[in-house]
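Enquirer: Quick one: this structure, given as structure tokens, is what I'll be asking you about.
Structure below.
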């Protein structure tokens, strides 16, 4: 693979200039992190899960983030309304299949969403994505389990079958539309010691997809920025508590020079 | 306008001495911030949204904070029970019309609450308040949009029509009962870069309204303290992440001298 | 009482080595804290409250934590499913009777849970535990009120009657199975100035109960570690905001020497 030529800085600047509204139907554990990370990037998060308004709220947003972390049947129904509304207006829809592979309910509802509405990007960790791709793998709650088959092949096949982008986060992130395949090698081990980095990554992907029609480049750029900020935070923190706060600080103040020096994207 | 003569310090001391219970029916995004800011001021937050207990919990509280940030039909019904119970006992009820002007559902439910129970104070940002006052304005998710008409006139008219206090937060906060009008000029731009400052402001208003019958002076005092702490936090933070944590620190340790030196209240 | 001989360090090491999945049905206020503290200890938190999956998720976990902080009727039903599933597999079930003594609904539902499923450990503050034990006491929202009768007798009797362990947290924590009675004297006053320390304590107890069949020793060890970290955090923080973040830092980096020097457990 070669170093990829994506103008990460331009997209970050677009987010900061346009301050897009990012609508979420997400889980109750990390909703606070998701809202804060979107805000730290300069965008405007909103969360509205009532079926009476989830569609209208999606309409005024520039991206829709769905995360099944604490799903219920009613919540999934409201996601369908929001996504249907977003689909009609061409607003990108991002789905985090959080915990897929842990329970049958999560698997079933993830597939139901994928079969009912147009999802533009599926995001998960290795075992979540493998499960949605049909592999026989068990996710350890919401933490990734080992996947036997080649993750790049799994992701590429899922992307082709579902005609969408697939993002697999981990030590190296894989992003593919079935043909193109990018890898983001930024990030830090400390990200695995706090709750919410996976969910935040999805919200960041949504935030960047809100300002570009090239969703794969947008997603790669978002993850790259997020993970560079995590590297900077990890270098100065005293542990997972102060890491999280400094992560928001570094996202907020991230500049061109730092991105150019640190970005490690392959294509 | 002249410098207002409100004994902010005395009310802060009352909060710390009495440690009032502040009952909340609030949103799932910033519930954590709301609970923590009430606690940092020395009071005792509680959140109980089940209709079977929301009324009884309101009864043992000294103020009730309602926030429609992630409303559902059931949640609004439980708010009515809690507010009805608070009304009977003369416990002040504060309503944050979070996101009014973004969807029809939020507008309708805000008005339904105002028509059904006695709300003692309506709080919102400029476009939320303008919308509840009947202006044709669209809130950008939960972030304020520009309002054409004179905000002071809008707030004053709404206060008169609804026979309550209206609090509009922004760079300058406006608080009015229709006749008196106070302005709080404290605060810092960093407050706009984190999630939850608007919701926390409402919880702080509730906390101070719990210890004084003069709700407008209590609200002015609470906002002033909260925003002075924000100024102090902004001066020493490294960005929005550490700002939030230091905000809690400064609220906790806020003293008379600092308040007297920094308070900027007009009447 | 004498100094207790519990190998706290060994259990902490077990948690870090095994990284057990800790399933939660907990409240929306401190869910974020609960997830983060479990993660900081090296374990894997998961929260899944839908009745369709709460049982299956409990099955793949090593402990189940129930917390009624923001209970609803549906939520309690889902707790029963999760606990029933955990009971069948011998997975320990921890119940935080958060806010018992504040409303009749909380008392009734706590007792209903205790009568319906096997609870291995009941945890609460002084007035919550006293109320569940049948005392006539009113909890101040979710903050402890004074209890007239001897707390050790109350706890011991409740433990005998319910054939489970009872954990009462406070300045001195009391843990008893009805016969044995341990006291943990670690902790710091700053813990009372932030939201979530009580709920986190329960999640920590669950985390340690996941790696040992001796649930009382596990609970004592977990609380001791958590509270030593709180002591360290309190010594260097600037107030409740930075205290919380440093608490996570110190939990993460807690080492044998510090534990041995600071642990204050009596039996």
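Residue numbers (the working numbering), protein chains in the order written: chain A, 2 to 268; chain B, 2 to 268; chain C, 2 to 268. Ideal Cβ positions, reconstructed from N, Cα and C, are used throughout, including at glycine.
1) Residue 243 (chain C) touches chain B at which residues, Cβ-Cβ below 9 Å?
2) Which residues of the segment 165-199 of chain A have a Cβ closer than 7 Å to any Cβ of chain C? Give them in chain order.
3) Does the Cβ of residue 162 (chain C) have 16 or more other Cβ atoms within 10 Å, making it buried, or fewer, making it exposed?
4) Judging by CA-CA distance, which residue of B:130, B:143 and B:165 is the nearest neighbour of residue 151 (chain B)?
5) Might you give, ordered along the chain, the residues of its own chain that have their beta carbon closer than 8 Å to the beta carbon of residue 56 (chain B), omitting 5 neighbours on each side?
6) Should residue 1 (chain A) be flagged as near chain B, meaning a C-beta pair shorter than 8 Å?
7) So what's residue 192 (chain A) in DSSP terms, helix, strand or just coil?
8) Identify, in the order they occur along the chain, each residue of the same chain with its Cβ nearer than 8 Å to the Cβ of residue 79 (chain B), setting aside the five sequence neighbours on each side.
9) What are the residues of the segment 131-146 of chain B that lie near chain A, defined by any Cβ-Cβ distance shorter than 7 Å?
10) For residue 46 (chain A), list the residues DSSP reports as bridge partners.
11) Assign residue 139 (chain C) to buried or exposed, taking buried as 16 or more other Cβ atoms, counted over all protein chains shown, within 10 Å of its Cβ.
12) Check whether the Cβ of residue 37 (chain A) lies closer than 8 Å to any Cβ atom in chain B.
13) Given residue 197 (chain A), which residues of its chain have a CB within under 7 Å of its CB, disregarding the five upstream and five downstream residues?
14) Give me the Cα-Cα distance between residue 294 (chain B) and residue 156 (chain C), rounded to the nearest whole angstrom.
15) For residue 14 (chain C), which residues of its own chain have a beta-carbon under 8 Å away from its beta-carbon, when the five flanking residues on both sides are left out?
16) At 7 Å on the CB atoms, spell out the chain A contacts of residue 201 (chain C), in chain order.
17) Among B:247, B:255 and B:109, which has the Cα closest to the Cα of residue 236 (chain B)?
18) Report yes or no: do three or more beta-carbon pairs, one from the segment 217-235 of chain B and one from the segment 186-197 of chain B, lie closer than 8 Å?
19) What residues in its chain sit with their C-beta under 7 Å from that of residue 110 (chain C), if we drop five residues either side in the sequence?
20) Counting pairs of beta carbons, one from the segment 165-185 of chain B and one from the segment 247-261 of chain B, are three or more of them closer than 8 Å?
21) Measuring CA to CA, which of C:252, C:268, C:94 and C:164 is closest to residue 43 (chain C)?
22) I need the straight-line Cα distance from residue 98 (chain A) to residue 149 (chain C), nearest angstrom please.
23) Measuring CB to CB, does residue 38 (chain C) end up less than 8 Å from residue 249 (chain C)?
24) State yes or no: is the beta carbon of residue 85 (chain A) nearer than 8 Å to at least one beta carbon in chain C?
25) Run the proximity test for residue 37 (chain A): is its beta-carbon closer than 7 Å to any non-hydrogen atom belonging to the ligand NAP?
26) Which whole-angstrom value is the C-beta distance of residue 121 (chain C) and residue 216 (chain C), which I expect to be below 8 Å?
27) When you check each C-beta in the segment 4-27 of chain A against every C-beta of chain C, which residues fall closer than 7 Å?
28) Given a limit of 8 Å on CB to CB distance, which residues of the segment 100-128 of chain B reach chain A?
29) Return helix, strand or coil for residue 37 (chain C), following the three-state DSSP convention.
30) Nearest CA to the CA of residue 141 (chain B): which residue from B:172, B:113, B:104 and B:211?
31) Return the residue from the list A:184, A:165, A:164 and A:166 that minimises the CA-CA distance to residue 173 (chain A).
32) Between residue 67 (chain B) and chain A, is any beta-carbon pair separated by less than 8 Å?
33) Along chain A, in chain order, which residues have C-beta atoms closer than 7 Å to that of residue 93 (chain C)?
34) Under the DSSP definition of a beta bridge, which residues are partnered with residue 130 (chain A)?
35) Kindly indicate if chain B contains any beta-carbon less than 8 Å away from that of residue 96 (chain C).
36) Roughly how far, in whole angstroms, is the beta-carbon of residue 95 (chain A) from the beta-carbon of residue 124 (chain A), given that I think they are within contact range, below 8 Å?
Expert: According to the structure shown:
1) Translated into the one-based positions of the third chain, residue 243 (chain C) becomes position 242. Those are 243, 246, 247, 249 and 250, listed as they occur along chain B.
2) 194, 195 and 196
3) Residue mapping note: residue 162 (chain C) aligns to position 161 of the third chain, counting from 1. Per the 10 Å Cβ criterion, exposed.
4) The residue labelled residue 151 (chain B) in the question sits at position 150 within the second chain. Comparing Cα-Cα distances from residue 151 (chain B) to each of B:130, B:143 and B:165, the minimum goes to B:130.
5) The residue you call residue 56 (chain B) lines up with position 55 of the second chain. Here the set comprises 82, 83, 85 and 86.
6) Lying before the first or after the last residue shown, residue 1 (chain A) is absent from chain A, which here runs from 2 to 268.
7) The residue labelled residue 192 (chain A) in the question sits at position 191 within the first chain. It is helical.
8) Along the second chain, one-based indexing puts residue 79 (chain B) at 78. Excluding sequence neighbours, residue 79 (chain B) sits near 26, 50, 51, 52 and 55.
9) 141, 142, 143 and 144
10) One-based indexing of the first chain puts residue 46 (chain A) at position 45. Bridge partners of residue 46 (chain A): A:23.
11) As a working mapping, residue 139 (chain C) is identified with position 138 in the third chain. That one is exposed.
12) If you number the first chain from 1, residue 37 (chain A) lands on position 36. Yes, residue 37 (chain A) lies at the interface with chain B (some Cβ there is under 8 Å from its Cβ).
13) Here residue 197 (chain A) refers to the residue found at position 196 of the first chain. Taken in chain order, the residues that qualify are 31 and 34.
14) Given a span of 2 to 268 for chain B in the structure shown, any question on residue 294 (chain B) remains unanswerable.
15) Looking up residue 14 (chain C) in the third chain gives position 13. Answer for residue 14 (chain C): no residue qualifies.
16) Position 200 of the third chain, counting from 1, holds the residue named residue 201 (chain C). Chain A residues near residue 201 (chain C): none, gap ~12 Å exceeds 7 Å.
17) Here residue 236 (chain B) is taken as the residue at index 235 of the second chain, counted from 1. Comparing Cα-Cα distances from residue 236 (chain B) to each of B:247, B:255 and B:109, the minimum goes to B:247.
18) yes
19) Here residue 110 (chain C) is taken as the residue at index 109 of the third chain, counted from 1. Same-chain partners within the cutoff: 69, 72 and 77.
20) no
21) In the third chain, counting from the first residue as 1, residue 43 (chain C) sits at position 42. That would be C:252, whose Cα lies nearest to the Cα of residue 43 (chain C).
22) Reading the first chain from its first residue, position 97 is the one you call residue 98 (chain A). Reading the third chain from its first residue, position 148 is the one you call residue 149 (chain C). Straight-line Cα distance between these residues: approximately 51 Å.
23) Numbered from 1 along the third chain, position 37 holds the residue referred to as residue 38 (chain C). Numbered from 1 along the third chain, position 248 holds the residue referred to as residue 249 (chain C). Contact: yes.
24) The count along the first chain starts at 1 and reaches residue 85 (chain A) at position 84. Chain C, which has no Cβ nearer than 8 Å to the Cβ of residue 85 (chain A), makes this no.
25) Absent from the structure shown: the ligand NAP. Ligands present: none.
26) Your numbering for residue 121 (chain C) matches position 120 in the third chain. Your numbering for residue 216 (chain C) matches position 215 in the third chain. Sure, about 6 Å apart at Cβ, within 8 Å.
27) none
28) 100, 103, 104, 105, 106 and 107
29) Locating residue 37 (chain C) in the third chain gives position 36, where the first residue counts as 1. Of the three classes helix, strand and coil, the one that applies to residue 37 (chain C) here is helix, per DSSP.
30) The count along the second chain starts at 1 and reaches residue 141 (chain B) at position 140. Considering only alpha carbons, the answer is B:104.
31) Within the first chain, the letter at position 172 stands for residue 173 (chain A). Nearest C-alpha to residue 173 (chain A): A:184.
32) As a first step, residue 67 (chain B) must be located in the second chain, where it is residue number 66. It does not: the Cβ of residue 67 (chain B) has no partner Cβ on chain A nearer than 8 Å.
33) Taking the third chain and counting its residues from 1, one reaches residue 93 (chain C) at position 92. Correct list: empty, because the minimum Cβ distance to chain A is about 16 Å.
34) Mapped onto the first chain, residue 130 (chain A) falls at position 129. None, per the DSSP bridge assignment.
35) By 1-based counting over the third chain, the position of residue 96 (chain C) is 95. Answer no: the Cβ-Cβ gap between residue 96 (chain C) and chain B never drops below 8 Å.
36) Position 94 of the first chain, counting from 1, holds the residue named residue 95 (chain A). Position 123 of the first chain, counting from 1, holds the residue named residue 124 (chain A). Confirmed, Cβ separation roughly 6 Å.
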